[in-house]
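Working notes, structure below.
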């Protein structure tokens with residue numbers, strides 16, 4: 099696992115996270131949730147190394163199993179890590195560092211698992227640090243996109259007239275191409291009646307509209323109807 103504690107942009111000095119890890123050769127990573135982000139933000143202040151940031155933030159220590167460094171008890175997912183390597187990108191103020199570590203122990207709270215025994219990111223409700231004062235709340239932007247368990251036909255196999263049409267974005271072409279084989283001609287009576295008076299361009303537009311609504315099979319049948327495939 100990698101983390102990147104930069105040098106202070108104001109003073110150019112290393113932050114406590116960096117100096118502590120380099121000194122102890124071990125660290126914990128505690129996932130920050132939306133409920134604890136404001137307490138975590140207190141820890142972003144430039145306290146001296148002699149200040150207990152657990153006390154300042156009101157967060158609690160979680161004892162580790164394999165290392166001496168505690169995690170944060172309020173976090174639903176804690177990783178105990180052994181330090182491996184420090185890569186310094188710049189020694190200037192705000193200069194970057196990459197610290198690599200080996201995860202040797204996980205702590206995961208029972209209430210973040212789904213019924214299949216997998217960690218559910220919506221239940222974790224973690225946040226991520228962006229630039230300046232910005233953060234992102236992960237579970238508000240989560241969507242499901244399973245990796246293919248077959249070999250899709252691919253965009254290169256689609257009819258050229260479809261690939262050249264302005265109605266089809268890269269996203270829509272990918273949806274059309276995300277099948278194992280081209281569906282056989284099976285145009286329903288309803289489909290024939292709905293598009294009976296459409297010319298080729300109108301059928302391409304209709305196909306794109308169907309893809310926008312994830313109606314993949316219907317989109318292919320519209321292409322069959324127009325003899326586009």
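In my numbering, the protein residues as written are 99 to 327.
Note that CB positions come from ideal geometry on N, CA and C, so glycine has one too.
In this text, all values refer to a predicted model and were calculated from it rather than measured experimentally.
Buried/exposed call for residue i, threshold 16 Cβ in 10 Å
i	result
residue 278	exposed
residue 228	exposed
residue 145	exposed
residue 125	buried
residue 243	exposed
residue 223	buried
residue 306	buried
For residue j and residue i, the rounded distance between their alpha carbons
i	j	result
residue 209	residue 160	17 Å
residue 266	residue 150	57 Å
residue 250	residue 260	17 Å
residue 132	residue 240	15 Å
residue 289	residue 313	13 Å
residue 318	residue 303	12 Å
residue 236	residue 283	42 Å
residue 268	residue 188	38 Å
residue 271	residue 301	15 Å
First and last residue of the uninterrupted alpha helix (DSSP H) at residue i
i	result
residue 165	It is not in any alpha helix (DSSP H) - residue 165 carries neither H nor E in the DSSP assignment.
residue 270	268-275
residue 319	314-323
residue 292	287-292
residue 117	114-122
Closest by C-alpha distance to residue i, when choosing among the options
i	options	result
residue 245	178, 273 and 162	273
residue 166	180, 154, 287 and 207	180
residue 109	190, 311, 253 and 299	190
residue 226	217, 238, 199 and 212	238
residue 140	321, 157, 193 and 129	157
Beta-carbon spacing of residue i, residue j below 8 Å
i	j	result
residue 293	residue 256	no
residue 195	residue 103	yes
residue 100	residue 175	no
Extent of the continuous beta strand (DSSP E) run through residue i
i	result
residue 135	That residue, residue 135, is in no beta strand (DSSP E); its alpha helix (DSSP H) goes 135-140.
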